[in-house]
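Engineer: Plus 25 on top of the position in the sequence shown (first one is 1) and you've got my numbering. Idealized CB from N, CA, C, for every residue including glycine. Let me begin by handing over the structure; questions about it come next.
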Amino acid sequence: MGRSTRFYAALPKETVGGKLQVLYLLHGGGDNETKWHRRVPVERIFSGLKVLVVMPDGGLSYYTDTVCGENYWTYLSEELPEVIRSYFPVSEKREDTFTAGLSMGGYGAMKLALLKPERFAKAATFSGSLDMVREIGVVMSDTKEREEFLGDYEMDETFYTSIFGDLDKIKGSPADIYHLLEMHRGKTEHLPDIYQCCGTEDFLYRFNLLFKNKLNHMGAGLTFEEWPGGHDWVFWEEALRRSVRWFSFKREYISDGEV
C-alpha cells in the first residue's frame, strides 16, 4: 500500500512441535486491526488451540484495491501471508489455512475463499455484507427500505465510488461475490467449506438468506446458522465461538492454558 500498516496476532504461548495453523480474522467497516481483541476475548476463545490468529487492518476498503490507490486486496491476499510466514512458524498447507470476518470482513473472507480457493480449507462469514449490487441499489434508492437498511450508518454514492469506482461496473466484476461464485459453477467441490451465520434482527439478514440460497443452489459446502441477534458484538462473539468449533482447529497442550 506504500505506507506502514499494522496487524495484531494471537498465538499459543508455547508450541509443542509442528507448524501452527493460521486464521485470518477480518474486521468490519469503520474498525481496524485492534477491534476484534478489544471487543471479544480472543485469547480465551482460542486457548489450547494450535492456531495463529491474524487480525489485519483493512481500513474502510471492503478489502479491495480501491480506486483511490489503497491496495488492500493485494496486501491481504499476497503481501500479508508472506510477512506472516517470515515472522511465525505457520503451515503453508491449504488444510491448515482459514479465514473469517464480520460484516465487511465477511465480504473479505468470501473474496479470499472464492478468489484463492487453492489456499483456504474453510471460510466463515458473520453478518456478511455479501451483495454489493443489491446493497448499493438500496442505498441509492429513495425508499423506506433505504432508511431501514442504513439506520445510523452514513453511506452514499460517494462512499462506494471512492472504493469501487464506477458503480455500474460492479456487477460481473471481482467486487461482485455472486459473480465470483458463478465462476465456480460445476466445480464447487474445489471451494473451501463455508460457515455462514446472521442474526434474525440484522439489517443484512435478508441479503444473507439470499446468499445462503445461492450457495445451496450451487452445491457449495455450506453450514448455515441463524439465531436472534442484531449487527452487534454480542452476536459476533457468539458467532466466533461457534465458528471455532466448526473450524475444528488442532489442539495444543500448553503448560498454563494461556495464549
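#1: Find out if the Cβ-Cβ distance for the pair Ile-188, Thr-89 is shorter than 8 angstroms.
#2: In the DSSP assignment, find the unbroken alpha helix (DSSP H) run with Phe-71 in it and report its ends.
#3: Using a 10 Å radius around the Cβ and a threshold of 16 neighbouring Cβ atoms, would you call Asp-227 buried or exposed?
#4: Count the other C-beta atoms from every protein chain shown that fall within 10 angstroms of the C-beta of Thr-150, then say buried if there are 16 or more, exposed otherwise.
#5: How many angstroms separate the CA atom of Asp-193 from the CA atom of Thr-186?
#6: Specify the secondary structure class of Lys-136 as computed by DSSP and reduced to three states.
#7: Do you know whose CA, among Leu-229, Leu-51, Asp-156, Lys-147, lies nearest Arg-119's CA?
#8: Helix, strand or coil for Arg-28? Go by DSSP, reduced to three states.
#9: Could you please give the first and the last residue of the uninterrupted beta strand (DSSP E) stretch that includes Met-208?
#10: According to the Cβ coordinates, are Asn-238 and Cys-223 closer than 8 angstroms?
#11: Thinking Lys-196 and Val-163 are a contact (beta carbons under 8 angstroms), I'd like their distance in whole angstroms, please.
#12: So for Val-259, helix, strand or coil by DSSP?
#13: Tell me whether Ile-219 sits in a helix, a strand or coil according to DSSP, three-state version.
#14: To the nearest angstrom, how far is it from the Cα of Ala-35 to the Cα of Ile-219?
#15: Mind checking who Asn-285 pairs with in its DSSP beta bridge?
#16: Tell me the DSSP secondary structure of Gly-126 in three-state form.
#17: Among the residues of its own chain, which have a CB less than 7 angstroms from the CB of Ile-279, if the five just before and after it don't count?
#18: Which same chain residues, not among the five before or five after Ile-70, have their C-beta less than 7 angstroms away from its C-beta?
#19: Excluding the 5 residues preceding and the 5 following Arg-231 in the sequence, name in chain order all residues of the same chain whose CB lies nearer than 7 angstroms to its CB.
#20: Which same chain residues end up closer than 6 angstroms to Pro-253 when comparing Cβ atoms and leaving out the 5 residues on each side of it in sequence?
#21: So what's Pro-106 in DSSP terms, helix, strand or just coil?
#22: If the criterion is Cβ atoms closer than 8 angstroms, does the pair Leu-127 and Trp-271 meet it?
#23: Between Val-78 and the rest of its own chain, which residues show a CB-CB distance below 7 angstroms, the 5 nearest in sequence each way excluded?
#24: Can you tell which of Lys-60, Pro-81, Ser-102 has its C-alpha closest to the C-alpha of Trp-258?
Structural biologist: Let me lay it out:
#1: Taking 8 angstroms as the cut-off, the beta carbon of Ile-188 is found closer than this to the beta carbon of Thr-89.
#2: Unbroken run through Phe-71: none, as it is neither H nor E.
#3: That one is buried.
#4: That one is buried.
#5: For Asp-193 and Thr-186, the distance between alpha carbons rounds to 10 angstroms.
#6: Helix at Lys-136.
#7: Ranking Leu-229, Leu-51, Asp-156, Lys-147 by Cα distance to Arg-119 puts Lys-147 first.
#8: Under the three-state reduction of DSSP, Arg-28 is assigned to coil, being neither helix nor strand.
#9: Neither: Met-208 is in no beta strand (DSSP E) and is coded neither H nor E.
#10: No, the Cβ-Cβ distance between Asn-238 and Cys-223 is not below 8 angstroms.
#11: That belief does not hold up - the Cβ atoms of Lys-196 and Val-163 are roughly 15 angstroms apart, past 8 angstroms.
#12: Looking at Val-259 - three-state DSSP - the assignment turns out to be helix.
#13: Annotated three-state conformation of Ile-219 is strand, per DSSP.
#14: Those two C-alpha atoms are separated by around 23 angstroms.
#15: The chain is shown from 26 up to 284; residue 285 falls before or after that span and cannot be answered.
#16: Strand.
#17: For Ile-279, the pLDDT reaches just 45, beneath the cut-off of 50, and the residue's location in the model is therefore unreliable, although a value from the coordinates is still provided. For Ile-279, the CB contacts under 7 angstroms within the same chain, skipping 5 residues up- and downstream, are Pro-37, Lys-38, Glu-39, Gly-73 in chain order.
#18: Leu-265, Arg-266, Val-269, listed in sequence order.
#19: Within the same chain, Arg-231 has no close Cβ partners at all.
#20: Closer than 6 angstroms at Cβ, skipping near neighbours: Thr-225.
#21: The three-state secondary structure of Pro-106, taken from DSSP, is helix.
#22: No, the Cβ-Cβ distance between Leu-127 and Trp-271 is not below 8 angstroms.
#23: Around Val-78: Ala-34, Ala-35, Leu-48, Leu-50, Val-67, Phe-71.
#24: Distance check between Trp-258 and each of Lys-60, Pro-81, Ser-102 places Lys-60 closest, using alpha-carbon atoms only.
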